[in-house]
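Accompanying notes for the structure given below.
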Amino acid sequence: MKTAAEQGLIKYYLLHLLMQLLLPVFLVQYTASGSNDTVAAPRMILRSALVNTVEKRYDTVLCFLSGENNFEFIFEAVDLSFSGPLLFRYRLNQTEAWKTTGEKKLLFPALSAGQYRFEVAAKNDKSDWSEPVIFPFTIVPPFYQRWWFVLSAFVAVVVITAFIVNRRNRQLLKVQQQQFVAQQRMNEMENQAKQAMMNPHFVFNALNSIQQYINDNDRISANKYLTKFSRLIRLNLDLVNKRLITLEEEFEKLKLYLEIEQLRFGEKLKYEFIIDRQLETDVIFIPSMIVQPFVENAIWHGLMASSKGGTITVHATSFDKEKMLRIEISDDGIGINQSKKLNQQKSRKSFGIELTIDRLKLFGKKYGKEAMVTFTDLSEESSTKHGTLVVIAMPLIFDKNVAG
């Protein structure tokens, strides 16, 4: 009978004891049979798993942020058979093919988001592949790649787009409605102006200016123009059936007219009113539309004929022991003489000058006073002056009953 030493058992137990002392965790079963036909596979050990150079435990499934994507695995194998050099194989997913290496360290930089299952196994020249050690982990995608963020972003884009489109449509509809309303108001005022016998040139120019503001979507200027124009129309309609109106009402209409023209001509047209304190404009009655034709004539034939424009001054006072009313309309335009030369080449005529003079004469005769209109070229009085002075003289009427 062979002794234990002869059978190799003493050698086995001594080696077994040594391995238990040095590597108690990683010892694999080894059977000594005295034959080299069967060799046990090495035992795999994962020494370290480093994520962004920080060691991680691997006894549970781990989740890492998208920035934690640099992995390094350090491993080794215990081979009790000492059967030549060791070969390792590894993969990051069960669906991947195995890759082999002789190194005991693997580096995976910049892994993309997803689920991983790192496996590594070993073998020697005479053994099969060992059971792999496994390190499962997950790298979560950045928040902007997650389904809830993508869905939220999509919904937000849809909502914002719908809001912008809806707001734009509402703004367009509002602009269209405003243009429609403004156009209606213009049409109404045009008809009213015709009924009120307003100067057709003035009406046409005013409506053109308003239309231009509407086309330019300048609502503030359009509304300002419309407000003044509609107010002037209302005053004309209110007073059109009256034979006489107060001097205050006449000047109110005249100021509105000048404000509207000033909106068109800007700094080229300036005006001022000077009314003597003793005049009670709210109880003095005159024929309607008696001053405006002369003011309009001063604008078109005096100021606008000058490249610089100018100023119109309306001055009201009384004379002849306060029995007569005197209204002066002066401008610093080109003057009557120069205007006549220019008008020989133009067909534009002032609205109602002749008719106004005839009305004044009839008004004076009715009240036993002479009413008249005089025109003076200021350049004839002084070489330093230029422009035109129009003086209207008419009886002072205080009887309120005459306005009926």
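Under the numbering used here, residues 4 to 407 are what the sequence shown spells out, in order.
Cβ coordinates follow ideal geometry from the N, Cα and C atoms, glycine included.
Please read these numbers as outputs of a predicted model, since none were measured by experiment.
By the neighbour-count definition (other C-beta atoms within 10 Å, threshold 16), S310 is an exposed residue. With contacts defined by Cβ atoms closer than 7 Å, Y119 and L154 do not form a contacting pair. A125 is bridged by DSSP to F91.
In chain order, I330, V376 place their CB closer than 6 Å to the CB of I395, counting only its own chain and leaving out the 5 sequence neighbours on each side.
Checking the DSSP bridge columns, you'll see P135 has no partner listed.
The continuous beta strand (DSSP E) containing K273 extends over residues 272–278. Residue environment: Q180 is assigned as exposed (fewer than 16 neighbouring CB atoms within 10 Å of its CB, all protein chains considered). Judged by their CB atoms, G390 and G338 are nearer to each other than the 7 Å cut-off. V317 places its beta carbon 7 Å or farther from that of F288. Looking at Y274, K245, R246, V136, the one whose alpha-carbon comes closest to that of L259 is Y274. Per DSSP, the beta bridge partners of T377 are V394.
Annotation for L114: no beta strand (DSSP E) segment contains it, and DSSP assigns it neither H nor E. C-alpha of F74 to C-alpha of P135: approximately 18 Å in a straight line. Taking a contact to require three or more Cβ pairs closer than 8 Å, the segment 229–238 and the segment 250–266 qualify as touching.
Per DSSP, reduced to three states, the secondary structure at I360 is helical. Here L175 is exposed, its C-beta having fewer than 16 other C-beta atoms within 10 Å.
Per DSSP, the continuous alpha helix (DSSP H) segment holding L229 begins and ends at 222–242.
Counting only residues of its own chain and dropping the five nearest sequence neighbours on each side, N208 has no CB closer than 6 Å to any other CB. With contact defined as three or more Cβ pairs closer than 8 Å, the segment 96–110 and the segment 148–167 are not in contact. The C-alpha of L272 is placed about 19 Å away from the C-alpha of I213. Inter-residue distance for D131 and R149 is about 42 Å (C-alpha atoms, whole angstroms).
Between the alpha carbons of Q295 and G367 lies a distance of about 19 Å. About 4 Å separates the beta carbons of D279 and T320, which is inside the 8 Å limit, making them a contact pair. Taking a C-beta distance under 7 Å as the contact criterion, D335 and A301 do not qualify as a contact pair. Boundaries of the beta strand (DSSP E) around K102: 102–104. Residue nearest to P144 within the set T249, N72, V42, F111 is N72 (criterion: CA-CA distance). The alpha carbon of M292 has as its nearest neighbour, out of A308, G313, R362, I223, the alpha carbon of R362.
Taking a C-beta distance under 7 Å as the contact criterion, F91 and T104 qualify as a contact pair.
Apart from the 5 residues on each side of it in sequence, I400 sits with its Cβ closer than 8 Å to the Cβ of L247, I287, F288, I289, Y370 in its chain, given in chain order. Taking E106 as reference, the option from Y93, A113, P112 with the minimal CA-CA separation is Y93. Listed in chain order, the non-local C-beta contacts of E79 below 7 Å within the same chain comprise I48, R50, K107, local neighbours out to five positions each way being set aside. DSSP lists no beta-bridge partner residue for V42. A113 counts as exposed, since fewer than 16 other beta carbons sit within 10 angstroms of its beta carbon.
Going by C-alpha positions, M327 is about 16 Å away from V393. By the criterion of a C-beta distance shorter than 6 Å, T141 is surrounded in its chain by C66, Q118, once the five residues flanking it on both sides are discounted. Within the DSSP bridge table, the entry for Y119 names F140 as partners.
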